[in-house]
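Engineer: Quick one: the structure is below, and I'll ask about it shortly.
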Amino acid sequence: MPNKLLIMAGAAAVLLASSAHAQVKPPAKPEEPSGRWGEAGKKAVDIGTQPVRDVGLSKREVPPVLAKAFDDPYSLAGLKSCQALANEVKALNAALGPDYKVGAEYAENRAGKLAEAGGKTLINSIIPFRGLVREVTGAAPADRQMNAAVDAGLARRGFLRGVHLKQGCKTRF
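When the letters of the sequence shown are read in order and numbered with mature numbering (1 follows the signal peptide of the UniProt record, and there is no 0), they come out as residues -22 to -1, 1 to 151.
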């Protein structure tokens, strides 16, 4: 077991040392500060804590704005003003990350992606019969629920941006 912890720590260190995420150039200003380690650190923590989620000891909560989007992604209830529309889009941006930028160039850090894939492979090999364990503990259904909420949030954000544009609003997101 100590060897597995050592492997996990090594994988996390590799991920922390690299930028393990795809970026859009030029990078958009983040809504929230990404902290000392940035996106690579978030990914390393996410990968390192995956076994704890797999066995049901930790669960991710669906953010309320995404749960609302899941319930009715095309609702305009309470969104009569341009400012209300913009505020709702800002809330979705906070939960989903920055929106697509027209004309932005896609760039990927290959070394970072390789480190991320290696870290995930090491972490995922810790639990035998991982897929079955995830179904039994409820981790897989929780991930499917989170993915459905994210999909609804993306649909809602696109819809609200379209309504915002159609109404001729000038407020910014």
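Glycine residues also receive a C-beta, built at the ideal position from the N, C-alpha and C atoms.
Computed from a prediction, not measured in an experiment: that's the story for all the values here.
Count the C-beta pairs between the region 69 to 85 and the region 96 to 109 that are closer than 8 angstroms, then say yes if the count reaches three, no if not.
Structural biologist: The region 69 to 85, when compared against the region 96 to 109, does not touch it at the 8 angstroms Cβ threshold.
Engineer: Use the C-beta contact count for E39: other C-beta atoms within 10 angstroms, 16 or more gives buried, fewer gives exposed.
Structural biologist: Taking the first residue of the sequence shown as 1, we reach residue 39 at position 61. Burial call: exposed.
Engineer: Quick check on R135: buried or exposed, where buried means 16 or more other Cβ atoms within 10 Å of its Cβ?
Structural biologist: Numbered from 1 along the sequence shown, position 157 holds the residue referred to as residue 135. R135 comes out buried.
Engineer: Would you kindly report the start and end of the unbroken alpha helix (DSSP H) that includes A117?
Structural biologist: Position 139 of the sequence shown, counted from the start, is the residue given in the question as residue 117. A117 -> alpha helix (DSSP H) spans A117 to K144.
Engineer: Where do the ends of the alpha helix (DSSP H) carrying R69 lie?
Structural biologist: For the purposes of this step, residue 69 is identified with residue 91 of the sequence shown, where counting begins at 1. In the sequence under discussion, the amino acid at residue 69 is Ala, which differs from the Arg named in the question. Its alpha helix (DSSP H) spans residues C60 to L74.
Engineer: Taking the alpha helix (DSSP H) that E94 falls in, what are its first and last residues?
Structural biologist: In the sequence shown, the residue the question calls residue 94 occupies position 116. R88 to N102 is the extent of the alpha helix (DSSP H) around E94.
Engineer: With contact counted as at least three CB pairs below 8 angstroms, one residue from each stretch, are the region 54 to 63 and the region 111 to 125 in contact?
Structural biologist: No, the region 54 to 63 is not in contact with the region 111 to 125.
Engineer: Alpha carbon to alpha carbon, how far is V111 from D32?
Structural biologist: The count along the sequence shown starts at 1 and reaches residue 111 at position 133. The count along the sequence shown starts at 1 and reaches residue 32 at position 54. One C-alpha to the other measures close to 7 angstroms.
Engineer: Taking Cβ to Cβ, would you say G90 is nearer than 8 angstroms to A18?
Structural biologist: To locate residue 90, count along the sequence shown from 1; it is residue 112. To locate residue 18, count along the sequence shown from 1; it is residue 40. Taking 8 angstroms as the Cβ cut-off, G90 and A18 qualify as a contacting pair.
Engineer: Ignoring anything shorter than 4 residues or poking outside the region 25 to 50, list the alpha helix (DSSP H) runs there in chain order.
Structural biologist: 28 to 32 and 42 to 49, all fully within the region 25 to 50.
Engineer: Let me know the secondary structure DSSP gives C22 once reduced to three states.
Structural biologist: Looking up residue 22 in the sequence shown gives position 44. Per the sequence presented here, residue 22 reads as Ala, with Cys not at that position. Looking at A22 - three-state DSSP - the assignment turns out to be helix.
Engineer: If you measure between the beta carbons of I25 and G109, is that distance less than 8 angstroms?
Structural biologist: As a working note, residue 25 is residue 47 in the sequence shown. As a working note, residue 109 is residue 131 in the sequence shown. No, the Cβ-Cβ distance between I25 and G109 is not below 8 angstroms.
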